[in-house]
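**Q** Structure in structure tokens, see below.
Number of protein chains: 2
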Amino acid sequence: MFSEDLRIVSDSSITVCGHHVVPMMQAAQFTASDAVPLVDYVGDAIIFSGMQDDDIPGIGQYDDFHTIDWQRDIARDRMRHRYIVKKRQDSILDLIKGAHDAWSGWVCVLLVGVCTGVVAGVIDIGASWMTDLKFGICRQAFWFNREQCCWSSNETTFDHGNCSQWLTWPQMFGESREGPGAYIISYIFYIGWALVFAALSASLVRMFAPYACGSGIPEIKTILSGFIIRGYLGKWTLIIKVVGLILSVSSGLSLGKEGPMVHIASCLGNILSYLFPKYGRNEAKKREILSAAAAAGVSVAFGAPIGGVLFSLEEVSYYFPLKTLWRSFFCALIAAFILRSINPFGNEHSVLFFVEYNKPWIFFELIPFVGLGIIGGCIATIFIKANIYWCRYRKYSKLGQYPVTEVLVVTLLTAVIAYPNPYTRMNTSQLIYLLFNQCGISNSDPLCDYNRNFTDVNSAIEKAAAEAGVYRAIWQLVLALAVKLVMTVFTFGIKVPCGLFIPSLALGAIAGRIVGIGVEQLAYHYPKIWLFSGECSTGDDCITPGLYAMVGAAAVLGGVTRMTVSLVVIMFELTGGVRYIVPLMAAAMASKWVGDALGRQGIYDAHIALNGYPFLDSKDEFQHTSLAADVMQPKRNETLAVITQDSMTVDDVETLLKETEHNGYPVVVSKESQYLVGFVLRRDLNLAIANARRTIEGITGQSVVVFAGAGNPPTGPPPCLPLNRILDMAPITVTDQTPMETVVDMFRKLGLRQTLVTHNGRLLGVITKKDVLRHVKQMDNEDPNSVLFN
Amino acid sequence: MFSEDLRIVSDSSITVCGHHVVPMMQAAQFTASDAVPLVDYVGDAIIFSGMQDDDIPGIGQYDDFHTIDWQRDIARDRMRHRYIVKKRQDSILDLIKGAHDAWSGWVCVLLVGVCTGVVAGVIDIGASWMTDLKFGICRQAFWFNREQCCWSSNETTFDHGNCSQWLTWPQMFGESREGPGAYIISYIFYIGWALVFAALSASLVRMFAPYACGSGIPEIKTILSGFIIRGYLGKWTLIIKVVGLILSVSSGLSLGKEGPMVHIASCLGNILSYLFPKYGRNEAKKREILSAAAAAGVSVAFGAPIGGVLFSLEEVSYYFPLKTLWRSFFCALIAAFILRSINPFGNEHSVLFFVEYNKPWIFFELIPFVGLGIIGGCIATIFIKANIYWCRYRKYSKLGQYPVTEVLVVTLLTAVIAYPNPYTRMNTSQLIYLLFNQCGISNSDPLCDYNRNFTDVNSAIEKAAAEAGVYRAIWQLVLALAVKLVMTVFTFGIKVPCGLFIPSLALGAIAGRIVGIGVEQLAYHYPKIWLFSGECSTGDDCITPGLYAMVGAAAVLGGVTRMTVSLVVIMFELTGGVRYIVPLMAAAMASKWVGDALGRQGIYDAHIALNGYPFLDSKDEFQHTSLAADVMQPKRNETLAVITQDSMTVDDVETLLKETEHNGYPVVVSKESQYLVGFVLRRDLNLAIANARRTIEGITGQSVVVFAGAGNPPTGPPPCLPLNRILDMAPITVTDQTPMETVVDMFRKLGLRQTLVTHNGRLLGVITKKDVLRHVKQMDNEDPNSVLFN
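What follows is the structure, given as structure tokens:
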């Protein structure tokens with residue numbers, strides 16, 4: 001029995017109801033050197049959940065859709081840690097347990113990294129096979145994708161990536177590869193498979209795990225900021241998200257697998273954390289693992305471990321101590337290492353879109369790069385506004401009741417429109433890679449149809465006029481840009497797993513490539529303009545359109561997500577282009593500023609606001625002048641629900657619990673004086689009274705509930721009920737004159753759930769996180785009632 | 001006059017002494033829409049420093065060696081911001097002022113970046129010229145270093161980097177280049193120049209800027225955590241540090257220029273921030289610029305912008321909002337870009353120690369890499385313990401009185417010992433580069449004396465036995481390791497600018513190279529061992545000793561500084577070796593764990609503790625169980641110095657100010673009840689009373705000082721003195737039962753200077769940052785009196 005280990009350190013123990021007790025916070029203070037045993041309050045040692053076997057179920061846990069109390073959870077963890085450190089000296093088993101506890105953080109992130117890498121490999125392999133299935137099948141082994149199939153056939157020359165082993169669908173039906181008949185058969189198979197995949201994906205999500213839809217990043221941001229959504233990171237969500245993601249990516253919809261990867265990694269983090277009670281049973285500690293998992297998710301999505309850590313730090317995480325930084329890095333690195341060992345794409349380069357340009361960028365090019373940033377910011381703002389408008393319409397109209405039908409309609413439209421245009425037909429990753437590339441000797445795409453002869457592999461590429469192929473490609477790219485923008489607006493938010501990193505990158509890469517070709521042809525036709533007179537006056541090609549595509553991609557992604565440092569780092573890990581940090585940063589900055597000027601929120605924050613999650617953004621500064629007194633509950637003419645420290649009966653307390661719905665109640669000296677003593681949670685109060693009725697004899701509705709106080713409460717029958725063990729004697733308080741900016745700061749930095757407002761020591765009211773969020777909304781002229789949860 | 005713009009927003013204004021007034025914190029609440037002018041308290045609108053011309057000098061500033069109050073400074077900045085936003089509508093000039101204010105953060109970091117890049121270029125050029133001056137001089141132009149001299153001479157073959165234009169000192173005296181006479185002349189010149197440079201450096205530091213010595217990183221960490229050291233970042237420190245750094249680096253002492261670069265960049269940040277009142281006049285905001293400057297310093301030191309930002313985040317900074325992350329990145333990038341444009345070394349590669357290895361690392365090599373990590377951790381711990389022992393001896397003995405003599409003795413010893421060994425004679429950066437390199441066809445150093453023939457440039461390097469040259473080199477390296485370790489112990493802490501990044505890297509690189517050669521020869525002689533049976537069974541060389549040098553360098557640096565993520569990122573930006581993140585991380589982790597196990601602190605934290613700076617580390621967790629009541633002042637049997645809200649006279653207050661030395665006083669309702677009203681700073685109280693005596697007629701020693709309260713204070717002559725404007729009505733309070741872990745957390749996260757301790761609303765005591773620091777020391781069984789400052 002645990003309470004035998006308790007000893008008093010300081011002399012501030014209190015006698016309540018004839019018992020000798022320690023106040024709640026002080027119970028943490030047992031050391032081995034003190035000698036007053038405290039065995040006489042059996043039954044209410046309930047805060048030590050996680051350490052003893054006989055704890056009341058549910059204590060220390062939170063209800064669904066509630067905010068967690070970081071301070072309380074962290075305090076619980078430190079207490080548990082001290083208990084283990086102390087026990088360690090008792091026996092070898094305890095020593096091993098202690099060592100296990102000390103290492104469990106590292107072991108847990110190691111497991112998360114390994115599992116994330118493996119799952120990412122499975123998704124990559126599955127998605128690439130099924131994407132190719134839309135076009136044909138391998139004669140030799142149907143489970144090979146086109147690339148593997150052609151490798152195994154040992155042929156030396158491939159025709160557009162096709163080989164004799166790879167059967168396209170027209171070939172299966174005896175048609176030739178080319179010709180109108182073949183085209184129609186291919187078209188039909190393409191649409192057919194897309195619809196099958198999409199229908200499967202949407203049905204799975206609808207039937208088994210509704211939380212598996214979307215990218216998951218807005219919800220994960222909210223969860224990491226200290227909110228409970230049960231099942232959002234559970235095993236069913238994980239399984240369905242993995243399967244659904246493979247299907248939805250393969251269906252050719254305008255979506256990416258990068259955002260959902262973060263969700264999948266977080267699910268793995270959540271599930272694996274249950275192996276380690278230190279994390280599984282403590283919501284605040286669990287979020288350290290989830291932050292690391294989010295980093296691993298981005299790391300495997302882009303092969304960018306450092307970018308992943310910075311993404312987790314900048315975009316997703318809320319509470320990010322430096323220990324977490326180091327563990328996140330470890331986790332991200334392990335995940336990337338495992339994925340690279342699996343090598344699902346079978347290529348040599350360790351980066352996804354490896355680029356190598358012959359020419360460095362020239363200083364004057366910063367002007368078009370900033371221009372691209374502005375264009376990217378505009379595209380991103382249009383996308384966000386249109387997407388939010390459509391999602392709101394879906395939410396409040398009948399459309400929301402037919403998710404599978406919606407997915408099928410969007411898939412059909414996407415497939416029908418996408419197939420005829422080669423740039424929308426191909427895999428989006430391939431498109432980005434093609435656009436990032438520079439036109440070399442081996443590139444036969446129409447995009448590289450320049451009037452030039454390659455005489456020597458190593459000689460510089462000469463400047464050349466664009467020919468018909470390039471102009472045709474530009475028109476197709478403009479069409480592709482419009483189609484992708486419109487389809488992505490309708491796609492992001494449908495009920496299948498879908499991310500928008502890849503679509504955003506593609507939009508930007510298309511815009512960038514078009515601008516790049518424009519600047520290049522300008523430099524060719526007007527080499528005398530002062531801008532081009534320096535570096536571009538020689539015959540060599542001085543402008544690389546591929547670099548513009550890369551910069552444009554960063555600009556749009558930056559505008560959509562409002563990432564900054566992590567975006568630049570991801571881009572340079574993604575492409576291996578260390579030399580291009582300055583252009584990338586110029587474009588990302590321009591895009592972010594344009595985005596901030598045109599619309600305040602990034603896509604994730606906009607979706608958080610749309611769903612009414614209680615997310616207190618740590619990036620926005622609170623600029624208003626209100627005081628704590630303006631925000632606190634109750635407002636004027638209402639009375640505050642309080643409990644007195646030693647004068648209310650069990651019946652009084654139960655009536656209060658029935659009549660009000662607060663999550664907790666301040667405890668005061670007396671109703672008249674209102675001097676603050678502490679704070680007690682509704683949940684604890686309910687559990688403690690129920691427990692006392694069961695275990696302590698003679699407790700009736702007339703028993704006086706005693707929380708604290710050195711006075712002499714009634715000792716006669718019925719016996720009084722000591723509840724000092726559930727009283728938090730160290731609630732965070734502010735005065736009524738405290739500016740709200742300070743209060744908001746305290747909520748953010750200390751992770752508060754509520755704070756008590758006092759004036760000259762007297763309790764005036766309570767401010768909860770919900771009150772703060774509503775106040776922020778109100779001050780920003782938004783609807784305060786859009787904050788939905790506690 | 002500013003106070004005419006004040007308007008009351010809420011209705012909680014108070015009537016004091018017959019005047020209509022607003023409490024301090026609420027004064028922030030002026031908006032344009034309200035209409036009650038408040039012109040009747042002229043003279044005490046003193047908190048609006050930074051906005052008006054007639055503010056009392058010194059208000060809002062801090063004394064030297066004092067801790068800043070982050071909450072107060074941030075609140076002041078928000079108030080100033082709101083004032084500017086409001087004024088913006090008044091005139092075009094104000095609009096421009098507003099725009100200037102909004103942009104000033106970016107402009108300031110831009111300037112800091114540019115200046116840091118330029119200064120770094122000057123230092124690099126100066127140091128490389130003067131380092132070569134120890135060996136000879138350029139015939140053509142004495143201001144060329146050896147490399148520039150030989151370039152300008154257009155010779156095609158160089159003999160060990162020498163050319164006919166470059167005159168070594170023996171040649172100047174008519175001797176040949178080789179031979180015993182030449183050796184002696186070279187030796188004497190080497191020692192002579194070294195002593196001249198060191199003497200100059202030490203004298204300059206001693207005479208003009210004592211703060212310019214050392215690396216400066218411990219002090220900058222302390223300053224960034226919210227401490228004032230006047231002059232530490234001033235212009236004289238800057239100038240002397242730059243000149244002294246060039247001299248001390250050139251003198252051949254075992255020190256680097258990387259740490260001082262951070263100090264130099266921070267000086268630039270501090271000086272340039274005075275161009276922008278937003279930052280120059282607000283200590284909390286200024287630290288945002290200083291964080292960015294620190295990032296720029298590391299960025300130019302290593303050519304590693306991302307590593308610089310992470311170093312600033314992980315190691316140096318304390319308060320690091322995300323906006324600062326983005327600005328730091330910008331600043332670091334600009335600085336690196338400028339330095340690269342100056343191109344002081346004239347080489348092509350954008351990284352300092354560019355490496356390219358033919359072979360990837362093999363999985364089993366993780367074992368020696370982790371071994372290197374452990375060796376690195378041990379070397380680092382020996383270094384830290386010895387260095388701290390010696391610095392403490394210097395501090396408390398007569399040695400400290402002869403700094404210049406000490407520098408000369410250390411320089412003489414270093415020069416005498418270093419010259420005979422080629423690996424200690426050469427520039428430390430060159431040594432590191434040599435050790436990192438793999439033995440290719442062009443490398444003629446004894447380290448590459450293997451029994452192999454290069455038949456083809458492109459063929460793989462074959463495995464080969466080491467010959468005599470390698471074994472001789474190993475002995476020289478072992479000696480060099482011992483000499484460098486001992487000399488660095490005595491060097492770090494002498495009174496010249498000196499950093500220890502480069503010496504640490506060199507120590508590790510030597511150890512790593514030796515281990516690497518050992519493993520390589522093991523693989524050559526015993527290729528059948530199971531470890532080597534896989535990748536090493538072919539004839540090709542499978543072990544790259546240069547990689548071991550790189551890993552060893554990371555291990556020692558990691559052990560010395562306890563950097564983690566930033567270390568790995570710096571190493572990979574430094575070498576361009578993206579493929580080697582996993583080995584680097586394995587070694588860095590092993591080294592950090594060994595270091596943490598053997599001695600708790602990194603070198604910077606150890607120096608902070610040695611100097612007694614009030615630095616509250618945000619990385620250490622507070623593990624003890626004490627309560628706020630155990631830490632607060634006054635202890636039992638002492639009384640707390642308080643001021644009552646409306647019953648003390650000016651004489652009473654002045655007596656209290658004379659008799660006590662606290663930095664601030666709590667204001668209570670009355671001495672009897674002790675209910676807390678607010679907090680007033682000593683400095684403000686002094687200034688306000690002095691000001692009132694000057695400006696308000698009839699104020700005498702008998703005037704009652706009124707801070708707050710709705711009561712009726714004596715109105716008769718002498719008139720009472722309203723001081724509500726300097727009263728902070730929103731002090732942060734905790735209850736006496738609050739665990740110290742929560743209190744420490746609040747001090748860290750909210751940047752508090754003090755907190756008030758209450759029980760049931762009554763004031764019990766005060767906890768200052770110094771109390772917290774002393775308590776932490778006491779709990780860790782260290783001397784609490786080693787905390788020196790407030």
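Those protein sequences? They're chains F and H, same order as listed.
Going by the UniProt record's numbering, 116 is the number at position 116 of the first sequence; the sequence numbering is gapless.
Going by the UniProt record's numbering, 360 is the number at position 360 of the second sequence; the sequence numbering is gapless.
All residues carry an ideal CB built from backbone N, CA and C; glycine is no exception.
1. Decide if F/Asp605 is buried, meaning its Cβ has at least 16 other Cβ atoms within 10 Å, or exposed.
2. Got a sec? Which residues, its chain only, sit under 6 Å from H/Gly98 by beta carbon, not counting five neighbours each side?
3. Just how far apart, CA to CA, sit F/Tyr279 and F/Ile289?
4. State the beta-bridge partners of F/Trp475 as determined by DSSP.
5. Of all Cβ atoms in chain H, is any one closer than 8 Å to the Cβ of F/Met1?
6. Return the residues of the UniProt domain "CBS" (632-695) of chain F that lie within a Cβ-Cβ distance of less than 7 Å from chain H, sorted by chain order.
7. How do the stretch 691-706 of chain F and the stretch 638-655 of chain F stand: do at least 3 beta-carbon pairs fall below 8 Å, yes or no?
8. According to the neighbour-count rule (16 or more other Cβ atoms, all chains shown, within 10 Å of its Cβ), is H/Gln401 buried or exposed?
9. Residues of chain H with CB closer than 9 Å to the CB of F/Phe364, please, in chain order.
10. Residue ranges of each beta strand (DSSP E) run of no fewer than 3 residues wholly in the stretch 590-671 of chain H, ordered along the chain?
11. So H/Gly98 is in the alpha helix (DSSP H); what residue range does that whole segment cover?
12. Would H/Pro739 pass as an interface residue toward chain F - the criterion being a Cβ-Cβ separation below 8 Å?
13. Quick check on this structure: which residue in F/His100, F/Leu640 and F/Phe320 has the alpha carbon closest to the alpha carbon of F/Thr660?
14. Measure from the C-beta of F/Lys257 to each C-beta in chain C and report whether the shortest distance is under 8 Å.
15. How many Å lie between H/Phe353 and F/Asn343 at the Cα?
16. Taking only beta-carbon atoms, is H/Asp11 less than 8 Å away from chain F?
17. Can you tell me which of H/Leu574, H/Gly440 and H/Phe532 puts its alpha carbon nearest to the alpha carbon of H/Ser429?
18. So which residues on chain H does F/Trp361 lean against when the C-beta distance must stay under 9 Å?
19. Do you know whose CA, among H/Leu681, H/Ile514 and H/Thr738, lies nearest H/Thr625's CA?
20. Could you confirm whether any beta carbon from chain H is found closer than 8 Å to the beta carbon of F/Ala35?
21. Comparing alpha-carbon positions, which option in F/Val107, F/Ser254, F/Ala473 and F/Cys138 lies nearest F/Ala292?
22. Using a threshold of 8 Å, state whether the C-beta atoms of F/Thr116 and F/Ala464 are closer than that.
23. Go through its chain and collect everything with a Cβ distance to F/Thr15's Cβ below 6 Å, but skip five positions before and after it.
24. Which residues in the same chain have their Cβ closer than 8 Å to the Cβ of F/Leu721, if we skip the five residues on either side of it in sequence?
25. Measure the alpha-carbon distance for H/Leu200 versus H/Ser186 and round it to whole angstroms.
26. Tell me the rounded alpha-carbon separation between F/Val196 and F/Ser251.
27. So, does the CB of F/Gly377 fall closer than 8 Å to a CB anywhere in chain H?
28. Got a sec? Which residues, its chain only, sit under 7 Å from F/Leu773 by beta carbon, not counting five neighbours each side?
29. Measuring CA to CA, which of H/Asp783, H/Gln438, H/Val370 and H/Gly231 is closest to H/Phe65?
30. Which word fits H/Phe363, buried or exposed, when buried means at least 16 other C-beta atoms lie within 10 angstroms of its C-beta?
31. Please confirm if F/Phe329 has its CB atom under 8 Å from at least one CB of chain H.
32. Taking only runs of the alpha helix (DSSP H) that begin and end inside the stretch 463-530 of chain H, which ones reach a length of at least 4 residues, in chain order?
33. Measuring only between beta-carbons, confirm whether F/Leu750 sits less than 8 Å from chain H.
**A** Taking the definition as stated:
1. buried
2. Ile84 and Arg88
3. 8 Å
4. In the DSSP output, where bridge partners are listed per residue, F/Trp475 has none listed.
5. Here F/Met1 scores only 32 on pLDDT, less than 50, and its place in the model should not be relied on; the value that follows carries that caveat. No, F/Met1 lies away from the interface with chain H (no Cβ there is under 8 Å from its Cβ).
6. Val669, Tyr675, Leu676 and Val677
7. yes
8. exposed
9. Those within 9 Å of F/Phe364 in chain H number zero; the least Cβ separation is about 15 Å.
10. 664-668
11. Ile92 to Leu133
12. yes
13. F/Leu640
14. Of the protein chains in the structure, F and H, none is chain C.
15. 30 Å
16. With a pLDDT of only 38 at H/Asp11, under 50, the local geometry of the prediction cannot be trusted, and the value read off the model is given with reservation. H/Asp11 does not count as touching chain F.
17. H/Leu574
18. The contacting residues do not exist; F/Trp361 stays about 12 Å from chain H at best.
19. H/Thr738
20. Here the model assigns F/Ala35 a pLDDT of 31, short of 50, so the residue's position is not dependable and the matter cannot be decided.
21. F/Val107
22. no
23. Residue confidence for F/Thr15 is low, a pLDDT of 48 falling below 50, so the modelled location carries little weight; the figure read from the coordinates is stated next. Counting only Cβ-Cβ distances below 6 Å, and skipping sequence neighbours, we find nothing.
24. Cys17, Val650, Ile689, Ala692, Ile696, Ile699, Ser703, Val704, Val705 and Val706
25. 21 Å
26. 8 Å
27. no
28. Pro614, Leu616 and Val787
29. H/Gly231
30. exposed
31. yes
32. 468-491 and 501-525
33. yes
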